[in-house]
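**Student:** Just so you know, we're using the working numbering here: the sequence shown kicks off at 63 and counts up by one. We treat Cβ as the ideally placed atom computed from N, Cα and C, and that holds for glycine. All figures in this text were calculated on a predicted structure; none of them were measured in a lab.
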Amino acid sequence: MIKSSEVQLEASKSESNRALIINALSGGESGLKNLSNARDTQTMLRLLASEEDILDVLDAGTTMRFLTAYSILGDKPRILTGTERMQQRPIKILAKALKQIGAKIKFLENDGFPPLKVHPLVEQKKNLISIKGDVSSQYISALLMIAPCLPNGLTLELKGKVGSRPYIQMTLDMMRLFGIDASWTNKTIEIKAQQYGSYDYVVESDWSGASYWYSFVALADQAKVKLLGLRQKSLQGDIAIVRIMNQLGVMSTFEEDGVILEKIPHGNSVEIDFSDCPDLAQTVAVVCGVKRIESRFTGLESLRIKETDRIKALKRELKKFSIKLKETEEGVWEVKSKFEPGQDTVSVHTYEDHRMAMAFAPLCTQQEIIIEDPSVVNKSYPSFWDHVSEAIGA
Numbered sequence: 063m064i065k066s067s068e069v070q071l072e073a074s075k076s077e078s079n080r081a082l083i084i085n086a087l088s089g090g091e092s093g094l095k096n097l098s099n100a101r102d103t104q105t106m107l108r109l110l111a112s113e114e115d116i117l118d119v120l121d122a123g124t125t126m127r128f129l130t131a132y133s134i135l136g137d138k139p140r141i142l143t144g145t146e147r148m149q150q151r152p153i154k155i156l157a158k159a160l161k162q163i164g165a166k167i168k169f170l171e172n173d174g175f176p177p178l179k180v181h182p183l184v185e186q187k188k189n190l191i192s193i194k195g196d197v198s199s200q201y202i203s204a205l206l207m208i209a210p211c212l213p214n215g216l217t218l219e220l221k222g223k224v225g226s227r228p229y230i231q232m233t234l235d236m237m238r239l240f241g242i243d244a245s246w247t248n249k250t251i252e253i254k255a256q257q258y259g260s261y262d263y264v265v266e267s268d269w270s271g272a273s274y275w276y277s278f279v280a281l282a283d284q285a286k287v288k289l290l291g292l293r294q295k296s297l298q299g300d301i302a303i304v305r306i307m308n309q310l311g312v313m314s315t316f317e318e319d320g321v322i323l324e325k326i327p328h329g330n331s332v333e334i335d336f337s338d339c340p341d342l343a344q345t346v347a348v349v350c351g352v353k354r355i356e357s358r359f360t361g362l363e364s365l366r367i368k369e370t371d372r373i374k375a376l377k378r379e380l381k382k383f384s385i386k387l388k389e390t391e392e393g394v395w396e397v398k399s400k401f402e403p404g405q406d407t408v409s410v411h412t413y414e415d416h417r418m419a420m421a422f423a424p425l426c427t428q429q430e431i432i433i434e435d436p437s438v439v440n441k442s443y444p445s446f447w448d449h450v451s452e453a454i455g456a
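Here it is, written out as structure tokens:
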């Protein structure tokens, strides 16, 4: 049973990190309110204020990508590095795009991976470049945010399937609030050289963080939870959880200060495309497995280059609960479940991935579990375990 009636979610780190970069590009005069306490955002704050030659982003992928692009507009060379896992996460596509614009970037150890040295842009060579749209929207957002500050602006041609489209749209919408005109027609985004203005921005609560509470409500025998600080008209792509969870047994009722979650009957089967909301995949896979809902997933391609290979991690941990995640054809994944609550305590490995910890946490409503390395949630939702403890009376 979920006892807590209200949860004050953390602010969105996606919005916070974009707001911080845009504010820095506009001269730092804007009032930013309700910034996230997540480690990723606090790392971004610290590094934007740093005068050091070496910027250590720790495990913050968004921070690495945004600061790599931001650094070509700086006044001195900077070395960007991070944790061992961060040094295994590719950044070659972004670096190649920045080199085409005219930046000088050198990989210091392995080609295409951090650490890398970024030199200030001396001369813009091109203002029309192509970039794959299906690897990471953060590459695209990083380029878009610096585009107005380039001498000749920038036009991006997105090649192939465009993944996480709402995150790109979020970037453009936030840029518009700070005075930037941009056009997105078909797969071409054009931004002319112009100046950012100031804007007092209030960051919304995090819809990614909300998804775990949808999971708690879906899996608990009894539950009614109000999540504070969420907007029905949100810039965040992970508001898709409202539509997805309506099929999985959770109804959403919006009020002025948030949204109320209540249990409803669920369907027997679902088909979900996660192309625009890949961060929801782990949460939904767990819910579908536990509730034995026949599931067909697509759009999981980007999960392999996240904090861990999330597809591999999901397969391993779901198996512990007699749940299979299987690729039945290229790009199509199905959840097959024989889940039954067990008497034995099951230990869930987190793979240094905050979303693995939080996606599996709601299983505690079914049986005893141990989440290994629980502090990993500090990356995006530092108060998660406090909120869980209050909600279930642990």
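Tell me whether the stretch 258–268 and the stretch 87–106 touch, counting them as touching only if at least three CB pairs, one residue from each stretch, are closer than 8 angstroms.
**Tutor:** Touching, yes.
**Student:** Check Q298 in the structure and name its three-state DSSP category.
**Tutor:** Residue 298 sits at position 236 when you count from the first residue of the sequence shown. Reduced to three states, the DSSP call for Q298 is coil.
**Student:** Are the Cβ atoms of P177 and L170 separated by less than 8 angstroms?
**Tutor:** For this step, residue 177 is matched to residue 115 along the sequence shown. For this step, residue 170 is matched to residue 108 along the sequence shown. Yes; because the gap between Cβ atoms is below 8 angstroms, this pair is in contact.
**Student:** Tell me whether the stretch 204–224 and the stretch 243–258 touch, counting them as touching only if at least three CB pairs, one residue from each stretch, are closer than 8 angstroms.
**Tutor:** The answer is yes - the stretch 243–258 touches the stretch 204–224, with three or more Cβ pairs under 8 angstroms.
**Student:** What residues match up with K288 in a beta bridge as DSSP calls it?
**Tutor:** Here residue 288 is taken as the residue at index 226 of the sequence shown, counted from 1. E68 and I322.
**Student:** I need the DSSP call for S169, collapsed to helix, strand or coil.
**Tutor:** Here residue 169 refers to the residue found at position 107 when the sequence shown is read from its first residue. Sequence check: residue 169 is Phe here, not Ser. The answer is strand: DSSP assigns F169 an E or B state.
**Student:** Does the stretch 436–448 touch the stretch 382–393, meaning 3 or more C-beta pairs lie closer than 8 angstroms?
**Tutor:** No: the two stretches stay apart, fewer than three of their Cβ pairs being nearer than 8 angstroms.
**Student:** I need the boundaries of the alpha helix (DSSP H) containing E379, first residue and last residue.
**Tutor:** Taking the first residue of the sequence shown as position 1, residue 379 is located at position 317. Note, E379: alpha helix (DSSP H), R372 to K381.
**Student:** Assuming S133 and L142 form a contact by the criterion Cβ under 8 angstroms, report the distance between their Cβ atoms to the nearest whole angstrom.
**Tutor:** Counted from its first residue, the sequence shown places residue 133 at position 71. Counted from its first residue, the sequence shown places residue 142 at position 80. Their Cβ separation, rounded to whole angstroms, is 7 angstroms, which keeps S133 and L142 in contact under 8 angstroms.
**Student:** Among all the DSSP beta bridges, which residues are the ones paired with R358?
**Tutor:** Counting from one through the sequence shown, the residue named residue 358 turns up at place 296. According to DSSP, which records beta bridges pairwise, R358 is partnered with E333 and E396.
**Student:** Using only the alpha-carbon positions, how far apart do S88 and L216 sit?
**Tutor:** Residue 88 sits at position 26 when you count from the first residue of the sequence shown. Residue 216 sits at position 154 when you count from the first residue of the sequence shown. In a straight line, the C-alpha of S88 is about 17 angstroms away from that of L216.
**Student:** Taking C-beta to C-beta, are S296 and W269 nearer than 8 angstroms?
**Tutor:** For the purposes of this step, residue 296 is taken as the residue at position 234 of the sequence shown. For the purposes of this step, residue 269 is taken as the residue at position 207 of the sequence shown. Against a cut-off of 8 angstroms, the Cβ pair of W269 and S296 comes out as a contact.
**Student:** Touching or not, the stretch 102–111 and the stretch 315–327, by the rule of three or more beta carbon pairs under 8 angstroms?
**Tutor:** No, they do not touch.
**Student:** How would you call T370, buried or exposed, if buried means at least 16 neighbouring beta carbons within 10 angstroms?
**Tutor:** The residue given as residue 370 occupies position 308 in the sequence shown. It counts as buried.
**Student:** For I208, which of A244, D341, S445 and I432 has the nearest alpha-carbon?
**Tutor:** Locating residue 208 in the sequence shown gives position 146, where the first residue counts as 1. Among A244, D341, S445 and I432, the Cα nearest to that of I208 is on A244.
**Student:** Let me know if I334 comes out buried or exposed under the rule of 16 or more other beta-carbons within 10 Å of its beta-carbon.
**Tutor:** Looking up residue 334 in the sequence shown gives position 272. By the neighbour-count rule (16 or more Cβ atoms within 10 Å), I334 is buried.
**Student:** Who are the near neighbours of N308 in its chain, counting only those whose CB is closer than 8 angstroms to its CB and skipping five residues on each side?
**Tutor:** On the sequence shown, residue 308 is found 246 positions in, with the first residue counted as 1. Only S314 and I326 meet the Cβ criterion.
**Student:** Let's test the definition: count the other Cβ atoms within 10 Å of the Cβ of P424 and tell me whether it reaches 16, buried, or not, exposed.
**Tutor:** Looking up residue 424 in the sequence shown gives position 362. So P424 ends up on the buried side.
**Student:** Should D338 go down as buried or exposed, given a rule of 16 or more other Cβ atoms within 10 Å for buried?
**Tutor:** Counting from 1 along the sequence shown, the entry for residue 338 is found at position 276. Result: buried.
**Student:** Less than 8 angstroms between the C-beta atoms of E430 and T412, yes or no?
**Tutor:** By one-based count along the sequence shown, residue 430 stands at place 368. By one-based count along the sequence shown, residue 412 stands at place 350. No.
**Student:** Cutting at 8 angstroms between CB atoms, please list the residues of its own chain near S364, excluding the five before and the five after it.
**Tutor:** Here the question's residue 364 lines up with position 302 in the sequence shown. Hits under 8 angstroms: D196, V197, S198, G225, S226 and P340.
**Student:** Using the three-state DSSP reduction, which class does K194 fall into: helix, strand or coil?
**Tutor:** For the purposes of this step, residue 194 is taken as residue 132 along the sequence shown, with counting starting at 1. Strand at K194.
**Student:** Give me, in chain order, the residues of the same chain whose beta-carbon lies closer than 6 angstroms to that of E404; leave out the 5 immediate sequence neighbours on both sides.
**Tutor:** Here the question's residue 404 lines up with position 342 in the sequence shown. Position check: residue 404 holds Gly in this sequence, whereas Glu was assumed. Contacts found: Q429.
**Student:** Can you check which of these residues, G271, G299 and G222, is closest to T233 by C-alpha distance?
**Tutor:** Counting from 1 along the sequence shown, the entry for residue 233 is found at position 171. If we check each option's Cα against that of T233, G299 comes out closest.
**Student:** Helix, strand or coil for V352 per DSSP?
**Tutor:** Position 290 of the sequence shown, counted from the start, is the residue given in the question as residue 352. Of the three classes helix, strand and coil, the one that applies to V352 here is helix, per DSSP.
**Student:** With the cut-off set at 8 angstroms, would you say F383 and L362 are in Cβ contact?
**Tutor:** Residue 383 sits at position 321 when you count from the first residue of the sequence shown. Residue 362 sits at position 300 when you count from the first residue of the sequence shown. The answer is no: Cβ separation not under 8 angstroms.
**Student:** Look at the alpha carbon of L376 and the alpha carbon of E185, and state the distance between them as a whole number of angstroms.
**Tutor:** Stepping through the sequence shown from its first residue, residue 376 is reached at position 314. Stepping through the sequence shown from its first residue, residue 185 is reached at position 123. Using only the alpha carbons, I get a separation of about 45 angstroms.
**Student:** Return the residue from the list I385, L220, L190 and K187 that minimises the CA-CA distance to I202.
**Tutor:** As a working note, residue 202 is residue 140 in the sequence shown. Ranking I385, L220, L190 and K187 by Cα distance to I202 puts L220 first.
**Student:** What is the rounded straight-line gap between the Cα of R140 and the Cα of H181?
**Tutor:** Sequence index remark: in the sequence shown, residue 140 carries index 78 (1-based). Sequence index remark: in the sequence shown, residue 181 carries index 119 (1-based). Going by the C-alpha atoms only, they are around 7 angstroms apart.
**Student:** Whose CA, out of E318, T145 and G351, lies closest to the CA of V332?
**Tutor:** Taking the sequence shown and counting its residues from 1, one reaches residue 332 at position 270. For V332, the nearest C-alpha among the options comes from G351.
**Student:** Less than 6 angstroms between C-beta atoms, sequence neighbours within five positions excluded: which residues of the same chain meet that for S192?
**Tutor:** By 1-based counting over the sequence shown, the position of residue 192 is 130. E219 and K221, listed in sequence order.
**Student:** Does the distance from the CB of T427 to the CB of L310 come in under 8 angstroms?
**Tutor:** If you number the sequence shown from 1, residue 427 lands on position 365. If you number the sequence shown from 1, residue 310 lands on position 248. Cβ distance not < 8 angstroms, so T427 and L310 don't count as in contact.
**Student:** So, for A481: in the same chain, excluding its five sequence neighbours on each side, which residues have a beta-carbon less than 7 angstroms away from its beta-carbon?
**Tutor:** Here the chain comprises residues numbered 63 to 456, so residue 481 is not present and cannot be evaluated.
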